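What follows is a short report on a single structure.
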Amino acid sequence: MNFLAHLHLAQQCNSHLAGNLLADFIRGDPYRQFNQEIADGIKLHRFVDSYIDAMPEVRQCRQLFGPDTRRVSGIALDMIWDHFLARHWLHFHHQPLQDFVREARAEVELYQHNMPEQYLLTMNRMWQQKWLLQYRHTESLEVSLVRMARRRPRLHQLALTPPVLMANYHELEQQFFSIYPQVEQAAKNFHPNRNQPVSSPES
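In terms of the numbering used here, the sequence shown has 120 at position 63, counting the first letter as 1, and numbering is strictly consecutive.
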């Protein structure tokens, strides 16, 4: 899952929104670096990432990618899951997407002090360029993957993933409606201070 899904899941779980966004930008024990509320949000994000990576449905989706793109297939899938969430937003949330994004931004931007520079730069671009709203459009999905490939040379294969996603679009959309409710339920059952299984129940 990418930024939109992590924000949505955080809200559903009454978890710290900024903590859930911050997780990709730090390493190590979050409780040594942040207060408990933020650290709990980081732990939820990490749990969600581990859970979805272990799901049989997601492993099946990764097989749609060839040898030249399978290494980055998890990132490409994270992006298209956010696309489907944005596209079908009102299926999962009572509030219009624009309102959710506006309120999420206001809450996240309360926490700017002592945050990693790369996190602050990325968040600034995300809000200013309205990534979370743009996720609704397939063209924006393709552009985002190509730009990511250019910015991060070790992930250059991402530029090859949009044709794979588009060729399997309807299958992936159907899988999303199976995958996301399971992730929602797992996130709601997660407790940061307990040992949690990282695999899904079916794996």
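Idealized CB from N, CA, C, for every residue including glycine.
Note that the structure is a prediction, hence the values are computed from the model and not measured.
For I132, the closest alpha carbon among the candidates L202, F104, A111 is that of L202. For a cut-off of 8 Å, the C-beta gap from L61 to Y192 is around 6 Å, short enough to register as a contact. Per the coordinates, the alpha-carbon of L147 lies some 31 Å from the alpha-carbon of R127.
Taking a 10 Å sphere around the C-beta of N77, we find 16 or more other C-beta atoms and assign the residue as buried. Just measuring C-alpha positions, the residue of L222, L178, Q68, A80 sitting nearest H151 is Q68. Shortest Cα-Cα distance from L222 to any of W138, D86, L178, D106 involves W138. When the beta-carbon positions are compared, V200 and M58 stay at least 8 Å from each other. For the 8 Å CB-CB criterion, P173 and F82 form a contact. When secondary structure is reduced to three states using DSSP, C70 falls in the coil class, being assigned neither helix nor strand. For the pair T195 and H170, the Cα-to-Cα distance works out to about 35 Å. DSSP places V240 inside the alpha helix (DSSP H), whose first and last residues are 226-246.
For the 8 Å CB-CB criterion, E114 and S235 form a contact. In the DSSP assignment, M136 falls within the alpha helix (DSSP H) that extends over 130-144. Buried is the label assigned to Q214, since at least 16 other Cβ atoms lie within 10 Å of its Cβ. Annotation: R159 to A75 spans about 14 Å, alpha carbon to alpha carbon.
In the three-state DSSP reduction, I99 falls in the helix class (H, G or I). For H73, the CB contacts under 6 Å within the same chain, skipping 5 residues up- and downstream, are E94, I95, G98 in chain order. Shortest Cα-Cα distance from D110 to any of Y88, Q90, L134, M183 involves L134. Less than 8 Å divides the Cβ of L217 from the Cβ of D125.
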